[in-house]
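The structure appears below as structure tokens.
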Amino acid sequence: MLKFTQKETPKLNFKKAIKKPIPVKCVQINEAFEVETLEGTMKGKPGDWLMVGVNGEKYVCDAAIFIKSYDLVK
432 MLKFTQKETP KLNFKKAIKK PIPVKCVQIN EAFEVETLEG TMKGKPGDWL MVGVNGEKYV
492 CDAAIFIKSY DLVK
């Protein structure tokens, strides 16, 4: 069985891919919150985002990750 760690990138023939621009619902929550996800209960900090995915799944997105990963649609 292959095993990969966070510290080292394996010497494999990686290709480049761009994530499809799939719109999701999101709202920034300004107080601590919890949400039941497919993986269990997640806790959000003040300023984190509550996300609703394409299949209705809910999850928390850290505010710093949101800024790097998403652009709000007008």
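For what it's worth, the numbering used here labels the leading residue of the sequence shown as 432, then goes sequentially. Ideal placement from N, C-alpha and C gives every residue a C-beta, glycine not left out. Predicted model only: the values in this text are computed from it and were never measured.
Beta bridge counterpart(s) of residue i as assigned by DSSP
| i | result |
| --- | --- |
| residue 501 | Looking at the DSSP assignment, residue 501 forms no beta bridge with any residue, so it has no partner. |
Pairwise C-alpha distance: residue j and residue i
| i | j | result |
| --- | --- | --- |
| residue 500 | residue 474 | 20 Å |
| residue 458 | residue 497 | 11 Å |
| residue 432 | residue 504 | 42 Å |
| residue 488 | residue 495 | 21 Å |
| residue 461 | residue 491 | 13 Å |
Delimiting residues of the beta strand (DSSP E) encompassing residue i
| i | result |
| --- | --- |
| residue 456 | 456 to 459 |
| residue 434 | From DSSP, residue 434 is part of no beta strand (DSSP E); its letter is neither H nor E. |
| residue 485 | Note, residue 485: premise wrong, no beta strand (DSSP E); not H, not E. |
| residue 462 | Per DSSP, residue 462 belongs to no beta strand (DSSP E) and is neither H nor E. |
Residue closest to residue i, alpha-carbon to alpha-carbon, out of the options
| i | options | result |
| --- | --- | --- |
| residue 493 | 487, 477, 483 | 477 |
| residue 486 | 469, 502, 480 | 469 |
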